[in-house]
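Worksheet: one structure, shown below.
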Amino acid sequence: IAVVANHAAGRGGGAGISLSDIAAVLEQAMGKVRPMLAKLVASDGG
25 IAVVANHAAG RGGGAGISLS DIAAVLEQAM GKVRPMLAKL VASDGG
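Count along the sequence shown starting at 1, add 24, and that's the number in my numbering.
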């Protein structure tokens, strides 16, 4: 699983996404990834 934020996604020639917005999106995404990883580890006897 690779959580990625593209600074220029959907912006064309305009300004990119701010670092604070990127951080917020990555934190939200990791909030979804962490439980998935926990379930994966638990299902493997970890």
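Backbone N, C-alpha and C fix where the C-beta goes; we use that ideal spot for every residue, glycine too.
A direct Cα-to-Cα measurement between residue 27 and residue 68 gives close to 22 angstroms. For residue 55, the uninterrupted alpha helix (DSSP H) run begins and ends at 43-67, by DSSP. Here the C-alpha atom of residue 53 lies approximately 23 angstroms from the C-alpha atom of residue 39. The C-alpha of residue 48 lies about 16 angstroms from the C-alpha of residue 32.
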